[in-house]
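Here the structure is laid out as structure tokens; the discussion comes afterwards.
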């Protein structure tokens with residue numbers, strides 16, 4: 281059985297005998313290794329991008345974006361599409377750019393965060409959102425719920441990998 285399943289990226293590592301609190305920065309499922317870092321704001325806890333499994337991604341809304349095929353065509357543009365995302369329950373929405381790209385014969389969903397995101401890990405669920413007013417203006421079709429800060433969830437899927445911040449020097 282995989283002991284690493286008992287640990288969650290971003291949560292306290294519960295290491296005894298040390299003054300500073302340590303946090304789980306990464307888990308290696310194949311070896312069972314757990315990587316930890318000191319402090320809740322350590323650079324190892326922050327990620328600049330992720331890859332999600334497009335094959336299992338559940339697209340739940342085409343509201344205002346046109347057909348499902350139209351939305352996928354927009355994601356296939358190498359410039360990407362501005363979206364907002366959530367990788368953890370009750371987390372605030374974070375701005376990002378999403379695009380589809382073929383890698384080794386499979387289409388994968390790439391996402392680059394506008395600001396580094398804390399505690400992103402394979403196995404988590406990525407949920408994508410767009411502001412309702414952005415859909416309204418892009419499609420030219422007013423949405424009934426496009427008032428205030430209304431959001432439309434486009435769908436969600438499993439994160440398969442995350443890239444940490446680049447080390448300088």
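In the numbering used here, the protein residues as written are 281 to 449.
Note that the Cβ used here is the ideal one computed from N, Cα and C, for glycine as well.
Tell me the rounded alpha-carbon separation between residue 443 and residue 391. Numbered from 1 along the chain shown, position 163 holds the residue referred to as residue 443. Numbered from 1 along the chain shown, position 111 holds the residue referred to as residue 391. Each residue's CA atom was taken as its position, placing residue 443 and residue 391 some 10 Å apart.
- Message: For the beta strand (DSSP E) containing residue 307, name the first residue and the last one.
- Response: Against the chain shown, residue 307 aligns to sequence position 27. Residue 307 -> beta strand (DSSP E) spans 302 to 308.
query: Does the count of Cβ pairs from the region 370 to 385 and the region 288 to 299 closer than 8 Å reach three?
result: Touching, no.
**OP:** Provide the residue span of the beta strand (DSSP E) that contains residue 366, from first to last.
**Re:** Along the chain shown, one-based indexing puts residue 366 at 86. Residue 366: member of the beta strand (DSSP E) spanning 361 to 366, first to last residue.
inquiry  = On the DSSP letters alone, give me the boundaries of the beta strand (DSSP E) that residue 326 sits inside.
reply    = Residue 326 sits at position 46 when you count from the first residue of the chain shown. Per DSSP, residue 326 belongs to the beta strand (DSSP E) from 326 to 332.
Rounding to the nearest angstrom, what Cα-Cα distance links residue 378 and residue 445 in this structure?
Counting from 1 along the chain shown, the entry for residue 378 is found at position 98. Counting from 1 along the chain shown, the entry for residue 445 is found at position 165. When rounded, the separation of the alpha-carbon atoms in residue 378 and residue 445 is 18 Å.
Q.
Please tell me whether residue 405 and residue 435 are closer than 8 Å, where the distance is taken between their beta carbons.
A. Position 125 of the chain shown, counting from 1, holds the residue named residue 405. Position 155 of the chain shown, counting from 1, holds the residue named residue 435. No; because the gap between Cβ atoms is not below 8 Å, this pair is not in contact.
*Kindly indicate which three-state DSSP category residue 350 falls into: helix, strand or coil?*
Translated into positions along the chain shown, residue 350 becomes position 70. In this structure, residue 350 counts as helix in the three-state DSSP scheme.
Exercise. Since residue 316 contacts residue 302 with CB under 8 Å, what's their CB separation in whole angstroms?
Worked result: Sequence index remark: in the chain shown, residue 316 carries index 36 (1-based). Sequence index remark: in the chain shown, residue 302 carries index 22 (1-based). With 8 Å as the limit, residue 316 and residue 302 qualify as a contact, their Cβ atoms being about 5 Å apart.
Which listed residue (383, 366 and 305) has its alpha carbon closest to that of residue 395:
The residue given as residue 395 occupies position 115 in the chain shown. It is 366.
- [ ] Spell out the partners DSSP gives residue 377 in its beta bridges.
- [x] As a first step, residue 377 is located in the chain shown; it is residue number 97 there, counting from the start. Residue pairing by DSSP places residue 377 opposite 362 and 392 in a beta bridge.
Could you have a look at residue 285 and say whether DSSP puts it in helix, strand or coil?
Position 5 of the chain shown, counting from 1, holds the residue named residue 285. Residue 285 falls in the helix class under three-state DSSP.
| Whole-angstrom distance between residue 325 and residue 299, CA atom to CA atom | As a first step, residue 299 must be located in the chain shown, where it is residue number 19. As a first step, residue 325 must be located in the chain shown, where it is residue number 45. Near 19 Å, if we compare the C-alpha coordinates of residue 325 and residue 299.
If you drop the 5 nearest sequence neighbours on each side, which residues of the same chain put their C-beta closer than 7 Å to that of residue 398? Reading the chain shown from its first residue, position 118 is the one you call residue 398. Contacts found: 290, 325 and 326.
Quiz item: Taking the C-alpha atoms as reference points, what is the distance between residue 422 and residue 376?
Solution: Looking up residue 422 in the chain shown gives position 142. Looking up residue 376 in the chain shown gives position 96. Residue confidence is low: residue 422 scores 45 on pLDDT, short of 50, so the model does not pin down where it sits. Its coordinate-derived value is still stated next. If you draw a straight line from the Cα of residue 422 to the Cα of residue 376, it comes to about 24 Å.
Open item on the list: Less than 8 Å between C-beta atoms, sequence neighbours within five positions excluded: which residues of the same chain meet that for residue 322?
Closed with: By one-based count along the chain shown, residue 322 stands at place 42. So the list reads 303 and 305, once near-sequence residues are dropped.
| message | Rounded to whole angstroms, what is the Cα-Cα separation between residue 387 and residue 380? | response | Here residue 387 refers to the residue found at position 107 when the chain shown is read from its first residue. Here residue 380 refers to the residue found at position 100 when the chain shown is read from its first residue. In this structure, the alpha-carbon of residue 387 lies about 6 Å from that of residue 380.
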